[in-house]
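J.: Residue numbers (our numbering): 12 to 408. Starting off with a structure, shown below.
Next comes the structure, spelled out in structure tokens:
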């Protein structure tokens with residue numbers, strides 16, 4: 012069966028009759044769809060035939076708009092025939108299309124829509140299809156150029172055109188996704204957020220789901236782009252008092268293997284009573300440390316840059332003694348038990364220094380809980396040494 016069917020069309024510009032090609036629905040075999048909605052097809056790409064082109068005057072338009080022209084626009088399109096003839100480059104639109112003819116049809120379509128009113132979304136759509144065509148042919152620099160032009164017209168459409176005639180949710184999503192592909196992440200988040208929080212459109216549930224996926228992808232990309240180099244982390248670790256016992260070689264090794272992440276404001280990092288095998292250093296930001304007392308939350312302290320928390324569970328295997336919540340966006344360094352074990356085994360004196368710090372923190376915690384606290388030096392020696400033995404037992408050194 013012929014994969015195409017044709018329809019006789021009268022050109023509204025030159026009155027020429029021609030046969031427009033259309034792909035039979037049963038011949039369209041979609042394999043997958045990219046995040047900007049570009050379809051990938053097994054055989055015939057129906058996008059190549061989205062634009063009808065008069066083979067005589069090269070007027071071009073999407074099928075549904077082909078005859079929707081005002082007398083003034085028809086006059087402008089007749090006057091612009093010489094320009095279209097140059098763009099057509101002698102192309103024959105009476106035959107089946109290849110990627111080259113598809114590209115020329117998009118270019119002709121864009122030139123015609125630019126002479127029509129309130130058609131920025133259509134121009135953007137044609138640049139989008141040209142970008143898809145470039146991607147299919149692995150012409151990535153050209154894809155970027157077409158995407159930049161598509162974004163320009165999508166934004167114009169979103170800001171200026173009547174929402175009743177334009178699917179603004181779709182326009183905002185495509186703008187956000189294309190900005191992501193272009194590496195303009197803040198602009199991408201702006202438009203994806205418009206989609207996610209739009210409550211006036213219940214028809215685009217799938218687009219909203221895609222917008223949420225891409226939003227979190229962009230956020231993750233931004234966070235990863237902020238990840239500091241090991242040399243920067245090395246400088247941060249040198250500011251932590253108990254790491255001053257380490258050699259520069261050991262400290263650099265730790266910097267190269269340390270975990271890193273950004274946590275949003277008001278997020279729980281660790282929960283009181285949970286198991287834990289890592290501790291955290293605050294590279295940027297502030298956190299609140301709280302405990303439960305009489306079924307209520309009681310704040311112990313707030314920790315800022317170059318402070319650390321979660322070390323007791325890492326060193327002794329005990330359950331988390333407090334809950335830690337971010338007061339603002341925080342950049343954290345994370346050391347797990349497995350990696351820290353190698354450091355402790357090589358530097359047992361580090362365990363003594365950490366034991367002293369832990370005893371001091373435990374004293375403050377006990378005061379909040381109104382336990383009887385003996386802060387004498389003699390008592391502290393017993394506490395430090397007993398904690399040191401717990402750490403030694405945990406790490407087997």
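Beta carbons: idealized from backbone N, C-alpha and C, even for Gly.
Is the stretch 128–137 in contact with the stretch 104–115, if contact means three or more CB pairs nearer than 8 Å?
T.: Contact fails: fewer than three Cβ-Cβ distances are below 8 Å.
J.: How about residue 31 and residue 69: are their beta carbons less than 7 Å apart?
T.: Against the chain shown, residue 31 aligns to sequence position 20. Against the chain shown, residue 69 aligns to sequence position 58. Not a contact, by the Cβ cut-off of 7 Å.
J.: Does the beta-carbon of residue 387 have 16 or more other beta-carbons within 10 angstroms, so that it is buried, or is it exposed?
T.: Position 376 of the chain shown holds residue 387. At residue 387 the pLDDT is 48, less than 50, meaning the model places this residue with poor confidence and gives no usable figure here.
J.: CB-CB under 8 Å to residue 28, same chain, minus the five flanking residues each way: which ones, in chain order?
T.: For the purposes of this step, residue 28 is taken as the residue at position 17 of the chain shown. Once the five neighbours on either side are set aside, the close Cβ partners of residue 28 are 19, 20, 21 and 22.
J.: Given residue 337, which residues of its chain have a CB within under 6 Å of its CB, disregarding the five upstream and five downstream residues?
T.: Within the chain shown, residue 337 is the residue found at index 326, counting from 1. These residues qualify, in order along the chain: 274, 276, 278 and 298.
J.: Cutting at 7 Å between CB atoms, please list the residues of its own chain near residue 225, excluding the five before and the five after it.
T.: As a first step, residue 225 must be located in the chain shown, where it is residue number 214. Around residue 225: 46, 187, 188, 191 and 203.
J.: Can at least three beta-carbon pairs, one atom from the stretch 311–324 and one from the stretch 280–298, be found at a separation below 8 Å?
T.: The stretch 311–324, when compared against the stretch 280–298, does touch it at the 8 Å Cβ threshold.
J.: Take the Cβ of residue 169 as the centre, count every other Cβ of all protein chains shown within 10 Å, and call the residue buried at 16 or more, exposed below.
T.: Locating residue 169 in the chain shown gives position 158, where the first residue counts as 1. Residue 169 is buried by the Cβ-count criterion.
J.: Can you have a look at residue 164 and say buried or exposed, based on whether 16 or more other CB atoms are within 10 angstroms of its CB?
T.: For the purposes of this step, residue 164 is taken as residue 153 along the chain shown, with counting starting at 1. That one is buried.
J.: Per DSSP, which one or two residues make a beta bridge with residue 320?
T.: As a first step, residue 320 is located in the chain shown; it is residue number 309 there, counting from the start. Paired residue(s): 291.
J.: Within 8 Å, do at least three Cβ pairs link the stretch 116–127 to the stretch 83–94?
T.: With a cut-off of 8 Å, the stretch 116–127 and the stretch 83–94 count as touching, because enough Cβ pairs lie within range.
J.: Can you grab the Cα-Cα spacing for the pair residue 53 / residue 150, in whole Å?
T.: Locating residue 53 in the chain shown gives position 42, where the first residue counts as 1. Locating residue 150 in the chain shown gives position 139, where the first residue counts as 1. About 20 Å.
J.: Look up residue 89 in the DSSP assignment and give the residues it is bridged to.
T.: Reading the chain shown from its first residue, position 78 is the one you call residue 89. Partner(s): none; residue 89 has no beta bridge.
J.: Using the Cβ count rule (16 or more neighbours within 10 Å means buried), how would you classify residue 287?
T.: By 1-based counting over the chain shown, the position of residue 287 is 276. Classification of residue 287: buried, given that the 10 Å Cβ count is 16 or more.
J.: For residue 167, does the three-state DSSP call read helix, strand or coil?
T.: Here residue 167 is taken as the residue at index 156 of the chain shown, counted from 1. It is helical.
J.: Report yes if the C-beta distance between residue 241 and residue 267 is below 7 Å; otherwise report no.
T.: Residue 241 sits at position 230 when you count from the first residue of the chain shown. Residue 267 sits at position 256 when you count from the first residue of the chain shown. Cβ distance < 7 Å, so residue 241 and residue 267 count as in contact.
J.: Where DSSP assigns a beta bridge to residue 30, which residues make up the other side?
T.: Position 19 of the chain shown, counting from 1, holds the residue named residue 30. According to DSSP, which records beta bridges pairwise, residue 30 is partnered with 19.
J.: Grab the span of the beta strand (DSSP E) containing residue 255 for me, first residue to last.
T.: Here residue 255 is taken as the residue at index 244 of the chain shown, counted from 1. Element bounds for residue 255: n/a, residue is neither H nor E.
J.: Terminal residues of the continuous alpha helix (DSSP H) containing residue 306?
T.: Walking along the chain shown from the start, residue 306 turns up at place 295. No alpha helix (DSSP H) contains residue 306, which DSSP labels as neither H nor E.
J.: Which residue wins for smallest C-alpha separation from residue 300, given the options 211, 112 and 332?
T.: Taking the chain shown and counting its residues from 1, one reaches residue 300 at position 289. Selected option, being the one with the closest Cα: 332.
J.: Pick out whichever of 84, 129, 127 and 95 has its Cα sitting closest to the Cα of residue 115.
T.: Position 104 of the chain shown holds residue 115. The shortest Cα separation from residue 115 among 84, 129, 127 and 95 belongs to 95.
J.: In chain order, what residues of the same chain have a beta carbon less than 7 Å from the beta carbon of residue 159, not counting five sequence neighbours either side?
T.: Within the chain shown, residue 159 is the residue found at index 148, counting from 1. Cβ within range, chain order: 193.
J.: From what residue to what residue does the alpha helix (DSSP H) around residue 353 run?
T.: Here residue 353 corresponds to residue number 342 of the chain shown, with the count starting at 1. Per DSSP, residue 353 belongs to the alpha helix (DSSP H) from 348–357.
J.: Looking only at its own chain, which residues have a Cβ that is under 8 Å from the Cβ of residue 181, when we skip the five neighbours before and after it?
T.: To locate residue 181, count along the chain shown from 1; it is residue 170. Contacts found: 215 and 218.
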